[in-house]
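Single-structure report; data block below.
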Amino acid sequence: MSEHNDPRKEDDVSVETAKPKLKRPPLYRVVLLNDDYTPMDFVVEVLQTFFRMDRSQATQVMLHVHTRGKGVCGVYSRDIAETKVEQVMDYARTHEHPLMCTMEPA
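Counting along the sequence shown from 1, when you hit position 63 you're at 449 in my numbering, and nothing is skipped either side.
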């Protein structure tokens with residue numbers, strides 16, 4: 387009997403499966419931009435509502451936006467960052483405030 391026909395020899399081949407290399411998705415900063423019209427209390431409310439900050443943390447971020455022109459609200463995956471930007475912009479427009487929210491690569 388030749389080796390090609392010997393069923394015991396077929397099991398000698400070892401196949402090692404390659405593990406896929408997983409790469410973390412890119413992250414994005416959600417950023418509020420300062421303007422001269424949106425009330426500070428409204429910005430604090432936005433930060434508490436959409437970014438789950440307590441009043442103290444939201445006030446700190448609001449003051450950062452006010453004094454430096456912009457401030458980071460959080461860092462998220464692309465889909466979540468896009469959703470946060472849309473939610474904030476819709477909420478601001480509904481309340482007739484010109485508050486701007488953007489996202490940028492982290």
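No residue lacks a Cβ here, since even glycine has one placed at the ideal position from N, Cα and C.
Since the model is a prediction, treat every value here as computed from it, not as a measurement.
{"Check": "Same chain, Cβ closer than 8 Å to GLU490, neighbours up to 5 away in sequence not counted", "Outcome": "TYR414, ARG415, VAL417"}
{"Check": "Touching by the beta-carbon criterion (3+ pairs, under 8 Å), the segment 435-454 and the segment 465-478", "Outcome": "yes"}
{"Check": "Cα-Cα separation, GLN443 to THR403", "Outcome": "48 Å"}
{"Check": "Candidates GLN446, ASP422, ASP421, TYR423: closest to LEU433 by CA position", "Outcome": "GLN446"}
{"Check": "Classification of LEU485 by the beta-carbon crowding that lies within 10 angstroms, buried from 16 upward", "Outcome": "buried"}
{"Check": "Residue range of the unbroken beta strand (DSSP E) whose run includes THR424", "Outcome": "From DSSP, THR424 is part of no beta strand (DSSP E); its letter is neither H nor E."}
{"Check": "Cα-Cα separation between TYR423 and HIS483, rounded to whole angstroms", "Outcome": "7 Å"}
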